[in-house]
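Engineer: Let me give you the structure first, and then I'll get to my questions.
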Amino acid sequence: MTVSAPIQATIREQLGGEDVDVSVSHGMTVLDLPPARLLATVRRLKEELGFDLFLDVTAVDWPQREPRFDVVYHFYSTAQRVRVRVRTRVTEAEPAVDTLTGLYGSARYMERECHEMYGIDFRGNFDLRPILLYEGFVGHPLRKDYPKRREQWLIPERKPEPAS
Numbered sequence: 834m835t836v837s838a839p840i841q842a843t844i845r846e847q848l849g850g851e852d853v854d855v856s857v858s859h860g861m862t863v864l865d866l867p868p869a870r871l872l873a874t875v876r877r878l879k880e881e882l883g884f885d886l887f888l889d890v891t892a893v894d895w896p897q898r899e900p901r902f903d904v905v906y907h908f909y910s911t912a913q914r915v916r917v918r919v920r921t922r923v924t925e926a927e928p929a930v931d932t933l934t935g936l937y938g939s940a941r942y943m944e945r946e947c948h949e950m951y952g953i954d955f956r957g958n959f960d961l962r963p964i965l966l967y968e969g970f971v972g973h974p975l976r977k978d979y980p981k982r983r984e985q986w987l988i989p990e991r992k993p994e995p996a997s
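In our numbering, the protein residues as written are 834 to 997.
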């Protein structure tokens, strides 16, 4: 779905600035911003610009770059029928952003998945327990440094008991 020129101009005018870059990629408006601006920017997207649907959050691992992780969000305006991508970068030493659960209830589950797969912490989301993997799984399997041949048993391996 391509972005309409009026909404992109509005986003650029209202949300762009020194530390916020607004561009278009593959027909979608993209906002690149520092983590400190994330919550306020998303609040304005929702409350002032009508992006009422939170689609997803994920991360991209760039092990050769610092900051290492992009945390990527997608939102949709049902009234204007356009999407927007919001992207922020976090370091390996502090892979954390503020939670969006206060704005979008569904963020709770998507943040859990992103935390589980990439190790991104969502400050203020107090339920970051595993949602896809089992309790006790070690590591974050979508990070590039996760050993691709690593096996983890759900239960300890047991040898068969000798026949009597």
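Idealized CB from N, CA, C, for every residue including glycine.
In whole angstroms, what separates the C-alpha of Leu886 from that of Ala842?
Structural biologist: Position 53 of the sequence shown, counted from the start, is the residue given in the question as residue 886. Position 9 of the sequence shown, counted from the start, is the residue given in the question as residue 842. In a straight line, the C-alpha of Leu886 is about 20 Å away from that of Ala842.
Engineer: Take the Cβ of Tyr967 as the centre, count every other Cβ of all protein chains shown within 10 Å, and call the residue buried at 16 or more, exposed below.
Structural biologist: Position 134 of the sequence shown, counting from 1, holds the residue named residue 967. Answer is exposed; the Cβ neighbour count stays below 16.
Engineer: Buried or exposed for His859, going by 16 or more other Cβ atoms inside 10 Å?
Structural biologist: Taking the first residue of the sequence shown as position 1, residue 859 is located at position 26. So His859 ends up on the exposed side.
Engineer: Label Thr924 either buried or exposed according to how many other C-beta atoms from any shown protein chain fall within 10 Å of its C-beta, with 16 as the threshold for buried.
Structural biologist: By 1-based counting over the sequence shown, the position of residue 924 is 91. Exposed, because fewer than 16 other Cβ atoms sit within 10 Å of the Cβ of Thr924.
Engineer: With 16 as the cutoff for other CB atoms within 10 Å, does Glu949 come out buried or exposed?
Structural biologist: As a working note, residue 949 is residue 116 in the sequence shown. Answer is buried; the Cβ neighbour count reaches 16.
Engineer: Tell me which same chain residues have a C-beta within less than 7 Å of the C-beta of Lys977, skipping the five on either side of it?
Structural biologist: Here residue 977 corresponds to residue number 144 of the sequence shown, with the count starting at 1. So the qualifying residues of the chain are Asp894 and Pro896.
Engineer: Which of the three DSSP states is assigned to Thr843 in this structure?
Structural biologist: As a position in the sequence shown, residue 843 is number 10, starting the count at 1. It is helical.
Engineer: Rounded to whole angstroms, what is the Cα-Cα separation between Glu881 and Lys981?
Structural biologist: One-based indexing of the sequence shown puts residue 881 at position 48. One-based indexing of the sequence shown puts residue 981 at position 148. Rounded to whole angstroms, Glu881 to Lys981 spans 44 Å at the Cα level.
Engineer: Contact between the region 906-923 and the region 856-873: three or more CB pairs below 8 Å?
Structural biologist: yes
Engineer: Throw me the rounded Cβ distance for the His973 and Tyr951 pair, which I believe falls under 8 Å.
Structural biologist: Working through the sequence shown from its first residue, we reach residue 973 at position 140. Working through the sequence shown from its first residue, we reach residue 951 at position 118. Indeed, because the Cβ distance is near 5 Å, the residues count as touching under 8 Å.
Engineer: Rounded to whole angstroms, what's the CA-CA distance from Pro900 to Asp954? Just pull it up for me.
Structural biologist: As a first step, residue 900 is located in the sequence shown; it is residue number 67 there, counting from the start. As a first step, residue 954 is located in the sequence shown; it is residue number 121 there, counting from the start. Spanning the two alpha carbons is a distance of roughly 15 Å.
Engineer: Note down the Cα distance separating Pro868 from Val930, rounded to an integer number of angstroms.
Structural biologist: Here residue 868 corresponds to residue number 35 of the sequence shown, with the count starting at 1. Here residue 930 corresponds to residue number 97 of the sequence shown, with the count starting at 1. Going from the Cα of Pro868 to the Cα of Val930 covers about 6 Å.
Engineer: Is Val971 helix, strand or coil when you go by DSSP?
Structural biologist: Along the sequence shown, read from residue 1 onward, the residue named residue 971 stands at position 138. Val971: coil per DSSP, three-state reduction.
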